[in-house]
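Notes for the one structure printed next.
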Amino acid sequence: MEITSGMGGTNPNSLLIVPLKLENEIMGIIEIASFEEFTKEKIEFLELISENIASAFHSLKINIKTKELLKLSNEKQKEKEATEEEMRQNMEELKATQEDLERKELESREQLNAINETNIIAEFDLDGNFLNVNKNFCKAFSYSKNEILNKKDSFFLKKNFEVEKYNKLWYDLKNKKFYKGEFLRIGKNNKEVYLKGTYAPIFNLDGNCDKILMICFDITKNKLQEIELKEKSLKIEKANTKNLRNQKILEKALTAMKKKIKKKH
Numbered sequence: 000m001e002i003t004s005g006m007g008g009t010n011p012n013s014l015l016i017v018p019l020k021l022e023n024e025i026m027g028i029i030e031i032a033s034f035e036e037f038t039k040e041k042i043e044f045l046e047l048i049s050e051n052i053a054s055a056f057h058s059l060k061i062n063i064k065t066k067e068l069l070k071l072s073n074e075k076q077k078e079k080e081a082t083e084e085e086m087r088q089n090m091e092e093l094k095a096t097q098e099d100l101e102r103k104e105l106e107s108r109e110q111l112n113a114i115n116e117t118n119i120i121a122e123f124d125l126d127g128n129f130l131n132v133n134k135n136f137c138k139a140f141s142y143s144k145n146e147i148l149n150k151k152d153s154f155f156l157k158k159n160f161e162v163e164k165y166n167k168l169w170y171d172l173k174n175k176k177f178y179k180g181e182f183l184r185i186g187k188n189n190k191e192v193y194l195k196g197t198y199a200p201i202f203n204l205d206g207n208c209d210k211i212l213m214i215c216f217d218i219t220k221n222k223l224q225e226i227e228l229k230e231k232s233l234k235i236e237k238a239n240t241k242n243l244r245n246q247k248i249l250e251k252a253l254t255a256m257k258k259k260i261k262k263k264h
């Protein structure tokens with residue numbers, strides 16, 4: 000070992016190693032070289048200040064650790080705040096989505112209620128058996144719901160209905176085809192009910208048709224007026240034809256009479 004300075008360097012005569020100890024924990028060591036021997040007082044002094052140095056090192060170590068923990072805590076806090084902010088935004092978006100869904104559900108429910116209140120509605124299974132009807136259906140056909148639910152759609156057809164045409168209707172419905180048009184049905188006491196609307200297949204989540212929905216409105220009043228008007232028009236047409244025929248007969252008679260008068264003169 001050599002002691003050096005700006006003036007040069009030489010070997011020391013004494014070397015003192017003092018441990019930096021705090022509460023039986025070695026924090027480090029101090030190595031001191033000297034040209035003179037270390038007296039007892041100097042050694043005791045160095046041992047004393049070594050405790051202060053060890054305490055300072057310990058405090059510094061704690062401070063560094065505390066700063067690291069504080070930095071980590073701040074980072075965690077920022078991450079937590081960012082996560083909470085993200086969760087808050089997600090909750091707001093979820094709440095907005097939920098409110099939008101509730102609003103749309105309410106609109107759909109109101110629309111369905113409006114459709115149900117203003118239309119004649121019936122549900123059938125794929126064999127044409129009634130599954131459900133609304134009050135307008137019962138009112139139009141003068142049957143109670145219980146009387147209807149154990150019957151088929153064909154129960155309300157005229158006795159001389161076209162079987163093949165009706166069977167094709169249900170065949171097409173089962174094969175995912177819609178039917179739209181006007182049709183005649185018979186209610187209680189042979190009451191004629193004219194309807195205009197749609198038979199529609201309803202699909203499940205697998206895309207298969209599992210029931211049929213009929214939505215119609217009653218056009219009986221207009222249809223009967225139309226039939227009455229056609230009958231009156233036909234009567235007028237027949238009367239006009241008869242009058243025209245009588246007019247021609249009269250014209251022939253007048254022509255013949257004129258010819259006779261001319262011959263006499």
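Per numbering that gives the first Met the number 0, the very first residue in the sequence shown carries number 0; after that it's consecutive.
Ideal Cβ placement from N, Cα and C applies to all residues, glycine included.
Residue i (DSSP reduced to helix, strand or coil)
i    : result
N23  : coil
F177 : coil
D209 : strand
L253 : helix
T38  : coil
N133 : coil
Contact under 8 Å by Cβ, residue i with residue j
i    : j    : result
F129 : A121 : yes
L19  : F56  : yes
K210 : I218 : no
I214 : N112 : no
G206 : W169 : no
Same chain, Cβ closer than 8 Å to residue i, neighbours up to 5 away in sequence not counted
i    : result
F155 : F140, R184, I185, G186, V192
N166 : none
K190 : F140, S141
E46  : V17
F160 : S153
Classification of residue i by the beta-carbon crowding that lies within 10 angstroms, buried from 16 upward
i    : result
S49  : buried
D152 : buried
G198 : The displayed chain sequence assigns Tyr, not Gly, to residue 198. So Y198 ends up on the buried side.
I63  : exposed
L271 : Missing from the structure shown is residue 271; the chain here goes from 0 to 264 and no further.
L194 : buried
Residue from the options with nearest C-alpha to residue i
i    : options              : result
V287 : K220, E227, S143     : Residue 287 is absent from the structure shown; the chain starts at 0 and stops at 264.
L15  : E36, E24, S232, G196 : E36
E181 : K258, G196, Y170     : G196
K60  : L21, M90, E84        : L21
N10  : V17, I25, S33        : S33
G27  : N12, E83, I52, R102  : I52
C208 : S232, I25, Q97, D171 : D171
I31  : E24, N23, K41        : K41
K157 : N12, S54, N188       : N188
Residues near residue i in its chain [Cβ-Cβ closer than 7 Å; skip 5 each side]
i    : result
L148 : F129
L212 : E122, A199, I201
K179 : T197
E109 : none
6 Å CB neighbourhood of residue i in its chain, flanking five on each side removed
i    : result
L125 : K173
Closer than 7 Å: residue i CB and nearest the ligand MG heavy atom
i    : result
Y178 : Summarising the ligand content, the structure contains no ligands, and the ligand MG is consequently not present.
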